[in-house]
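Read the structure below first, then the notes.
In this note's numbering, the protein residues as written are 47 to 118.
Okay, structure coming up:
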């Protein structure tokens with residue numbers, strides 16, 4: 047049972063990460079056009095907390111350069 051619960055939690059976390067990554071990339075595409083693969087690759091490696099922090103940056107950054115300065 048514990049293993050099943052842990053697996054479910056990991057699946058939920060992966061789903062949340064995937065949704066947040068997709069949202070950030072969509073915002074950047076709408077605001078700035080094509081996203082360089084380097085930025086996209088960095089976004090893919092982030093955890094949920096980092097993605098949450100970057101969501102606001104994606105909405106408020108004046109350029110992709112400014113956004114990329116906030117990437118870990």
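Backbone N, C-alpha and C fix where the C-beta goes; we use that ideal spot for every residue, glycine too.
Collapsing the DSSP output to three states places residue 81 in coil. In this structure, DSSP gives residue 107 a state outside helix and strand, which the three-state scheme calls coil. In this structure, residue 94 places its C-beta atom within 9 Å of the C-beta atom of residue 62.
Close CB contacts of residue 116 within its chain, under the 7 Å cut and outside five residues either way in sequence, are with 100, 103 (chain order). Within the segment 48 to 93, the runs of alpha helix (DSSP H) at least 4 residues long that lie entirely inside it are, in chain order, 48 to 78, 83 to 90. CA-CA distance, residue 69 to residue 47, rounds to 33 Å.
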